[in-house]
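Participant:
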Amino acid sequence: MSDVPGAFAAMALQQQQPLDNAVDASSRPEDLSCPCCFRPGKLCDSFSPEEAPMKIRGLRVLMASHGLDAYIVPSGDAHSSEYVAPCDERRAWLTGFTGSAGTAIVSMKEAALWTDGRYFNQASTQLEGSPFTLMRQHEPGVLDMPEWCLQQGSKIGICGGLCTLQFSQNFREKGLELVPIATDFVDVIWGSRRPKVPRNPCLEQPLALTGESVKSKLERVKKELNGSALVLNALDQICWLTNLRGCDVECNPVFFAYAVVTDELTLYLRCLDRELCGNGLEQHESDERIAVLKATLLEHFRSEGLAANLLPYSSFDAAECAQRCSGRKVALEKATSTLAMAAAIPEERRVLVDCSPVEIFKAVKNDVEIAGLRKAGRRDCAALVGFYGWLETRLGRVDECQACDEIMRRRRMMGGPLYKGDSFDTISSVGANASIIHYKPTPNDCATITNKDVYLCDTGGQYGDGTTDITRTNHFGKPSEDERRCYTRVLQGHIGMARAVFPEGTPGVMFDALARAPLWRDGLNYLHGTGHGMGSYLNVHEGPFGVGGGAVTADKQFASHAAKLRYLNEIRRGHYVSDEPGFYQDGSFGFRIESDLVAVVAETKYAYGTRAWLKFEYLTPLPFSRSLTDPSLLLEDEIQWIDAFHSQCWATVAPLLTSSNLDDAQDAARARQWLWRETRPLSEEACPPVPPAIDPSKCHSILDF
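When we follow the numbering used here, the leftmost residue of the sequence shown carries the number 3, and every step to the right adds one.
(1) Have a look at R41 and S102 and give me their C-alpha separation to the nearest angstrom.
(2) Distance check for K111 and I158, CA to CA, integer angstroms please.
(3) Terminal residues of the continuous alpha helix (DSSP H) containing K219?
(4) For L375 versus V600, is the C-beta distance shorter than 8 Å?
(5) Out of H577, R351, C241, which has the shortest C-alpha to C-alpha gap to L621?
(6) Taking the straight line between their C-alpha atoms, what separation do you get for V263 and R276?
(7) Just reading off the beta strand (DSSP E) that R138 is part of, what are its end residues?
(8) Per DSSP, which one or two residues make a beta bridge with W116?
(9) Would you kindly work out how many angstroms separate the C-alpha atoms of V233 and V332, rounded to a whole number?
(10) Need the endpoints of the alpha helix (DSSP H) that F647 sits in, please.
(11) Check the C-beta distance from I58 over to A113 and give it rounded, since I have them as a contact under 8 Å.
(12) Suppose you measure from the CA of V602 to the CA of L567; what does that come to, to the nearest Å?
(13) Taking buried to mean at least 16 other C-beta atoms within 10 Å of its own C-beta, is S662 buried or exposed?
(14) Along the chain, which unbroken stretches of the beta strand (DSSP E) at least 3 residues long are found entirely within the region 542-576?
(15) Identify the continuous alpha helix (DSSP H) that holds C151 and give its terminal residues.
(16) Between P693 and I644, what straight-line distance do the alpha-carbon atoms span, to the nearest angstrom?
(17) Hey, out of T555, L308, F187, L630, whose CA is closest to G60's CA?
(18) For the alpha helix (DSSP H) containing G388, list its first residue and its last residue.
(19) Hey, could you find the ends of the alpha helix (DSSP H) E335 is sitting in?
(20) According to DSSP, is L630 helix, strand or coil?
(21) Going by beta carbon distance, what residues of the same chain come within less than 8 Å of K198, once the five residues before and after it are set aside?
(22) Less than 8 Å between the C-beta atoms of D581 and A519, yes or no?
(23) Assuming R413 contacts A385 (C-beta within less than 8 Å), just tell me the rounded distance between them.
(24) Within its chain, find whatever has a CB closer than 7 Å to the CB of L205; leave out the 5 residues flanking it on each side and keep chain order.
(25) Can you look up L237 in the DSSP assignment and give me helix, strand or coil?
(26) Give the DSSP-derived three-state secondary structure of P694 in the structure shown.
(27) Skipping 5 residues on each side, what residues in its chain have a beta carbon closer than 8 Å to that of E408?
(28) Report yes or no: do the region 128-143 and the region 308-321 share at least 3 C-beta pairs separated by less than 8 Å?
(29) Is N571 near G510, with beta carbons less than 8 Å apart?
(30) Just to confirm, are N202 and D250 a CB contact at a threshold of 8 Å?
(31) Please classify K217 as buried or exposed, where buried requires at least 16 neighbouring CB atoms within 10 angstroms.
(32) With a floor of 4 residues, list each alpha helix (DSSP H) that falls wholly inside the region 477-525, ordered by position along the chain.
(33) Could you tell me if K377 is buried or exposed, where buried requires 16 or more neighbouring beta carbons within 10 angstroms of its beta carbon?
(34) Under 8 Å, do T452 and G398 count as touching if we go by C-beta distance?
(35) For the alpha helix (DSSP H) that N527 lies in, which residues bound it at each end?
(36) Confirm, please, whether the CB-CB distance from V492 to F593 is below 8 Å.
So, in structure tokens, the structure goes:
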């Protein structure tokens, strides 16, 4: 069953008819027939492929029936989500590549997958032996997707409910018009094996943590729209606007919905969809559950100062929404709105915007949210200090996966009821595995953490008052000179961005050079961005801004409208951003240092111009690796900054390291000892063996931080 809204039924009927241009006549007839019953141009009910070659064959049967030369399978869902529910992992199911970013295209003769530098190693491994060719995005000599498609033919299909307007624009600029298909071909082939669609209830996010009521947010959005209506499909935007959270997507506290803003707010919620049950009693209980949930949500909005229209997700109809908007213009965000949504709204009433006002407002954290982020950061770092103290006593006996489990356990202890889960799957990587930027260990294939190799841990938590994303790289033995030099250059880059003072409105691309300059001096670089926006108990990656641009040449980087928008977008007061330079030596080691920053007002000697001057407040009090840092490469002011920062780490985190927040008194003492040693001034060769006693009056509970 398609998840594409019912408004597009007429378009679906039209698109089920074969197109004028036939498929390349050189294709073998058997490749265009059902592999089970060999009926041409149609798949029988028993077709249920397991392997990629058979999945591709089924895809080509459907392509032939529609006269398509190629078919595109994107990563996102109907809401342009970066991370998707299992039922929406179409590209992963088709190709076997499980990274969060990538696009597959299948033609009648070839199959290819594009992904960025974060996933080159992972994709190379996962695609080995498959029909898919890895296309290393932005690398010299690699065709981009429109260029590749032009070699395959002129009729390129894609599900209209999954293709964003921005993605379509990239093809249109190269002279290709995508053919929207109503029911995704992968869904047809996946059939009954496709995982069940989640319908979890929405959860109230208290005003004490959001800092602004739904009524106030809605008034700001309507003022910005200036009489136009707005249709939203981005899940994190809907969560922010409604002061609700969910659990429909792992690690992302979102729920499936559409929202329409006119003079009022209308929500189409998947949790209100009526699920057909096997018997009358189950159906009655299901309907009763929906009624209770709806009443709870209506009360939530009444308490927030407004009434809202609540409807089932399956009843969303963009064409009907347009009619309900009483002749207004209807705004759609190009980066997230789909071809199917746009097709249902008359062209003369469509207003296409780069960023919805909700996306812009969401990115600016208010004082209440920033206070929550500070607490979440301290709490998360305390959990990680406990983890590192524990790990050092178990080197050689703990593998990468066990480390992930231990971090989650310690977050649960430290965070108590505020801990909601991780913000992404922890990247726990040893030695050569650390050179794989987005490495994910599995129980049957993971390395043991020892004192022989570097250990890179990129991890984040979801707390009711904030979201974190933290990376530290450590070596528990004696690192090589090359390892120390490369790590220290990464550290200098990290500090370079963290110490920036800048006029408000400076674009993200400017900070990228601050982070890369120390690495460039040694001929080093990294194939990912330097920073991304982050949510407040929302998605760990959010826009509209980002820090990057130096990973590839300018012509490649800014050929993408999305990259232009992200890296040329301005950094403003209240923006919450990561700072994460790195370096990766394939097959040997990898380093990344990542902390979370928020832009705040800076005091400067002068105040040139009319713009406010800003700096970054550092929200991640977790020390850097002493064993990997080479002080001889550091400038004097960098050493002073590190020593001051480490002093702050001790003062901020040590009071949280109590037996009530950790396993027991011994565990707390071990954590304090580790933190004390790692935060001593770089000039101290020998660390005083015993950390000072902590004043009980200064100890904090999990509710304080």
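Here a beta-carbon is modelled for each residue, glycine too, at the ideal position from N, C-alpha and C.
Facilitator: Checking against the coordinates, here is how it stands:
(1) Position 39 of the sequence shown holds residue 41. Position 100 of the sequence shown holds residue 102. Interpretation of R41 is limited by its pLDDT of 49, a score under 50 that renders its predicted location unreliable; the figure taken from the coordinates is listed afterwards. C-alpha separation (whole angstroms): 36 Å.
(2) As a first step, residue 158 is located in the sequence shown; it is residue number 156 there, counting from the start. As a first step, residue 111 is located in the sequence shown; it is residue number 109 there, counting from the start. Computed Cα separation, rounded: 14 Å.
(3) Reading the sequence shown from its first residue, position 217 is the one you call residue 219. Unbroken alpha helix (DSSP H) run through K219: 216-227.
(4) Within the sequence shown, the letter at position 373 stands for residue 375. Within the sequence shown, the letter at position 598 stands for residue 600. Yes. Within cutoff.
(5) Position 619 of the sequence shown, counting from 1, holds the residue named residue 621. Nearest C-alpha to L621: H577.
(6) Reading the sequence shown from its first residue, position 261 is the one you call residue 263. Reading the sequence shown from its first residue, position 274 is the one you call residue 276. Answer to the nearest angstrom: the Cα atoms are 24 Å apart.
(7) As a working note, residue 138 is residue 136 in the sequence shown. Its beta strand (DSSP E) spans residues 135-138.
(8) The residue you call residue 116 lines up with position 114 of the sequence shown. According to DSSP, which records beta bridges pairwise, W116 is partnered with T105, M137.
(9) Residue mapping note: residue 233 aligns to position 231 of the sequence shown, counting from 1. Residue mapping note: residue 332 aligns to position 330 of the sequence shown, counting from 1. For V233 and V332, the distance between alpha carbons rounds to 7 Å.
(10) Start at 1 with the first residue of the sequence shown, and residue 647 comes out as number 645. Here the alpha helix (DSSP H) through F647 covers 638-655.
(11) The sequence position of residue 58 within the sequence shown is 56, counting from 1. The sequence position of residue 113 within the sequence shown is 111, counting from 1. That belief holds up - the Cβ atoms of I58 and A113 are roughly 6 Å apart, short of 8 Å.
(12) Counting from 1 along the sequence shown, the entry for residue 602 is found at position 600. Counting from 1 along the sequence shown, the entry for residue 567 is found at position 565. Between V602 and L567, the C-alpha separation is close to 23 Å.
(13) Taking the first residue of the sequence shown as 1, we reach residue 662 at position 660. Classification of S662: exposed, given that the 10 Å Cβ count is below 16.
(14) 544-549
(15) Here residue 151 refers to the residue found at position 149 when the sequence shown is read from its first residue. Looking at the DSSP string, the run of the alpha helix (DSSP H) that includes C151 is 147-154.
(16) Numbered from its first residue, the sequence shown carries residue 693 at position 691. Numbered from its first residue, the sequence shown carries residue 644 at position 642. Roughly 19 Å between the two C-alpha positions.
(17) Residue numbering aside, residue 60 sits at position 58 when the sequence shown is read from its first letter. For the residues T555, L308, F187, L630, the minimum Cα distance to G60 belongs to F187.
(18) Stepping through the sequence shown from its first residue, residue 388 is reached at position 386. Segment 369-394, the alpha helix (DSSP H) holding G388.
(19) On the sequence shown, residue 335 is found 333 positions in, with the first residue counted as 1. Per DSSP, E335 belongs to no alpha helix (DSSP H); it is in the beta strand (DSSP E), 332-335.
(20) For the purposes of this step, residue 630 is identified with residue 628 of the sequence shown, where counting begins at 1. Three-state DSSP puts L630 in coil, outside helix and strand.
(21) For the purposes of this step, residue 198 is taken as residue 196 along the sequence shown, with counting starting at 1. The answer, listed in chain order, is C89.
(22) Reading the sequence shown from its first residue, position 579 is the one you call residue 581. Reading the sequence shown from its first residue, position 517 is the one you call residue 519. Not closer than 8 Å, so no.
(23) As a first step, residue 413 is located in the sequence shown; it is residue number 411 there, counting from the start. As a first step, residue 385 is located in the sequence shown; it is residue number 383 there, counting from the start. About 5 Å separates the two Cβ atoms, so the contact holds.
(24) Taking the sequence shown and counting its residues from 1, one reaches residue 205 at position 203. Taken in chain order, the residues that qualify are L246, R247, G248.
(25) In the sequence shown, the residue the question calls residue 237 occupies position 235. Reduced to three states, the DSSP call for L237 is helix.
(26) What you label residue 694 is simply residue 692 of the sequence shown in a count that begins at 1. P694 falls in the coil class under three-state DSSP.
(27) The residue labelled residue 408 in the question sits at position 406 within the sequence shown. Contacts found: F389, W392, L393, V400.
(28) no
(29) For the purposes of this step, residue 571 is taken as the residue at position 569 of the sequence shown. For the purposes of this step, residue 510 is taken as the residue at position 508 of the sequence shown. Yes. Within cutoff.
(30) Within the sequence shown, the letter at position 200 stands for residue 202. Within the sequence shown, the letter at position 248 stands for residue 250. Yes.
(31) In the sequence shown, counting from the first residue as 1, residue 217 sits at position 215. K217 should be labelled exposed.
(32) 483-500, 510-523
(33) As a working note, residue 377 is residue 375 in the sequence shown. Flag for K377 reads buried.
(34) Numbered from its first residue, the sequence shown carries residue 452 at position 450. Numbered from its first residue, the sequence shown carries residue 398 at position 396. Closer than 8 Å, so yes.
(35) In the sequence shown, residue 527 corresponds to position 525, counting from 1. Here N527 belongs to no alpha helix (DSSP H), and DSSP marks it neither H nor E.
(36) Counted from its first residue, the sequence shown places residue 593 at position 591. Counted from its first residue, the sequence shown places residue 492 at position 490. Yes.
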